[in-house]
Structures are given as C-alpha cells and as structure tokens.
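S.K.: Here it is, the structure in full.
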Amino acid sequence: MTAARYFLEKGANPNTKSSSTGTTPLHEAVATGCDEITRLLLSKGANVEAPSPHGTPLVAAAAHGKFNAMKILLEHHADPNKVSWDFGTPLTTALYATPDRMNESTCLACVKLLVKAGADVNCTIPETPLAIATNNGLTTCFKYLLEVGANINVPANQVKKSDSDSKAPLKSSGAKAVRGKNYVAASRLCSEGKSSDKDRKARLKSLGAKAVEGKDYAAASKFYTEAIKLDPADAVLYSNRSLCYLKCGEAHDALIDANACISLDPKWHKGYYRKGAALMSLLEYKEASDAFSAGMKLEPNNKEMQEAHREAVEAMRKEQSEPSLYALD
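In this note's numbering, the protein residues as written are 8 to 336.
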C-alpha cells in the first residue's frame, strides 16, 4: 500500500497496462481483493471501465467473488452490464466462476449486488444467467434469479441490436485461455455452442431430484418443466413433476401430468400411482381406486401400490356409508 501510494504521488499513471497481460493496476487490485489499493487507484484517476483482454475491472472482481471490490467499483459507477469480448457480463462471469473459484453463497451475494445495481438478469451473452446457474448446479442462484424476474423462456446466444462495440458478443469460436491472471477459464466461458439437450436435460433432472430431496417442490417443478421443454416425450419427467405439483397443493396439475405420463408409457406402473395420488387429493376415491388397480395389474407385488389401493377403497366405502347432507329425512 505504501509503495503504491508513493509511486502514484510521484506521478505514476494508474491506467498503465501490463505489457504481458493487458491489465491495469485496478484489474489486479480488485482481482486480489486489495480494497485499500482499489480505493487509492480510483482516487488517483484509475479508469473504472478500463478495457483488457479479460474484461473490465468489475468482470475481474466478479470472476474472483470479490464482493467488497465489486461494491467499490459500483459505487464509482462501474457498468454492471458492460460485456467483455471474452467473458460476458459481470453477472454471467460470477455464475460461470462458481463453484470453481467461489462457493454458491459468495456467488449469490455477488449476484444480488449486481442485480441491485441494475444488472440484466435476462442477458443472453453467451448464455442466460438461468442457463448458467442450471448448468453449474447453482440451485439457490437459480431460485433468486427467478424471483427477480429472470425469464426461463429467453433463448441464449442472442445479441440485442442495440448492443454497441463496447457490448460485443463473445467470439463464436471460443477464446483461448488467457495467460497469467485469467479471471475465468475462457474454455468454460466461451465454449463452442450450447451443451447438448441430452446433457442439459440430465442436469435439470438432477437438480430437480436434489430439490425434491430438500423438499423444495416448487423449485423442483421448475427444473422438471425446463427438462420437459427439452424432451416432451419423457414419461419420467411428467411423473416427477406430478409429484411436485401434488406436494405444492396443485392436484389438478398433478393429475394432468400423471395422465401425460400414462399416455407416453402406458405400461409403466408409476403413472397410474401418480394418477391415483392426485385423484385421492381431489377426493375422487372411485377413480383413484381404479387407477391404483390398473397399476397393480402391471406391478402385482408393489406394496406401495397395494397400500394406496386399500386406502382408496376404504375412503370410497366410508364416503358411500355417510349420509348425504342433501338426502331427504
């Protein structure tokens, strides 16, 4: 700190770029979390939007999860939506860098800071924040992005016509990893093309299962919805989402998905179980009994199905034995 102050007071240029990395002292300060030096450099005229092969200083800070440095830069009016040629926006950079360079809680704090500063949660360069969060298994970040208006239907890799040269798209061919202080591996940020639908579906399904395990059925249903968009002929996805809808109290939607599951795979007993469970919630005991009965024909020894069928029959008998409120006295 003393040395930096000495050279700056002697007239050193705070915007001098390194001949080897193309970065400024501000890039280096924020990437390493040197907050005092960051403030000093800015007070001496450091360019808060200094370009480099790695992006702006805010991108550098986001890539390393340096929350305090990001806050300082934003206080000095750093653009939260400035797109670097190789690294996208600060928001996408932070998501891409997780969990390799920071844990999800740190990433979430950085994401919230950027959103508060006006970061676009539906930016599409190179992929949407939601897509990146999904690919990297960032369940908490995914949920937060939805809460603040991220649109799951926004396609990736589209550049708005209003984007200027300072907000250019990433290189379509991908960029080589930058030598030295590369803030996020370019091979990750600039991968050629999107992940295959098969791989993406598998990740979404895994995230859904993780959410179910944590009893976060609302989040799980969203993951399964995204997976269904990629493969609308997968009966398992409808079965899983049916369970989530039922746990969320959406019995009608659960029934719709159960019927879809049966239509796609009529020989799989699970669809009939899901249908019966939804009908039980809707107090349609006779139809529930029929659904469980159909499932038992496919899986005669399934204890869970047998118990569910027994409960449906008992509920149906109890309902039939109780006098109707509208019966004549």
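Think of the CB as a built atom: it goes at the ideal place given N, C-alpha and C, for glycine as much as any other residue.
1. Can you list, in chain order, the residues of its chain whose CB lies under 7 angstroms from that of Glu111, leaving out five sequence neighbours each side?
2. DSSP three-state call for Ser288: helix, strand or coil?
3. Sorted by chain position, which residues of the same chain lie with C-beta nearer than 7 angstroms to Val55's C-beta, five sequence neighbours on each side aside?
4. Could you check the C-alpha separation between Ala240 and Lys212 for me, to the nearest Å?
5. CB-CB under 7 angstroms to Ala319, same chain, minus the five flanking residues each way: which ones, in chain order?
6. Closest to Ala209 by CA distance: which of Lys222, Tyr245, Ala226 and Asn142 is it?
7. Pick out whichever of Asn160, His71 and Arg248 has its Cα sitting closest to the Cα of Val118.
8. Which one of Cys268, Ala301, Lys51 and Leu262 has the shortest CA to CA distance from Leu3?
9. Out of curiosity, what's the CA-to-CA distance linking Met323 and Gly278?
10. With DSSP as the reference, please indicate the residues paired to Gly95 in a beta bridge.
11. What would DSSP say about Val128, mapped onto helix, strand or coil?
12. For Asp127, I'd like the list of residues in its chain whose CB is within less than 6 angstroms of its CB, leaving aside the five on either flank, ordered along the chain.
13. Would you report the Cα separation of Phe51 and Asn129, rounded to the nearest angstrom?
14. Quick one: Cα of Val37 to Cα of Met77, how far?
15. When you compare each of Ala242, Ala57 and Pro97 to Ala69 by their alpha carbons, which one comes out closest?
16. Ignoring anything shorter than 3 residues, give me the beta strand (DSSP E) runs that lie fully in the region 253-309, in order along the chain.
17. Would His61 and Ala67 be called neighbours here (beta carbons separated by less than 7 angstroms)?
18. What does the Cβ neighbour count give for Leu264, buried or exposed, with the cut at 16 atoms within 10 Å?
M.R.: Put simply:
1. Thr105, Leu145, Thr147 and Cys148
2. helix
3. Leu49, Pro64, Leu80, His83, His84 and Ala85
4. 14 angstroms
5. Gly283, Met287, Tyr292, Ala295, Ser296 and Phe299
6. Asn142
7. His71
8. Nothing can be reported for residue 3: it is not among the residues displayed for the chain, which extend from 8 to 336.
9. 21 angstroms
10. Ser91
11. coil
12. Asn88
13. Note that residue 51 is Lys in the sequence shown, not Phe. Distance between the alpha carbons of Lys51 and Asn129: 35 angstroms.
14. 8 angstroms
15. Pro97
16. none
17. yes
18. Looking at the sequence itself, residue 264 is Asp, so the reference to Leu does not match. The residue in question, Asp264, is buried, as its Cβ has 16 or more Cβ neighbours within 10 Å.
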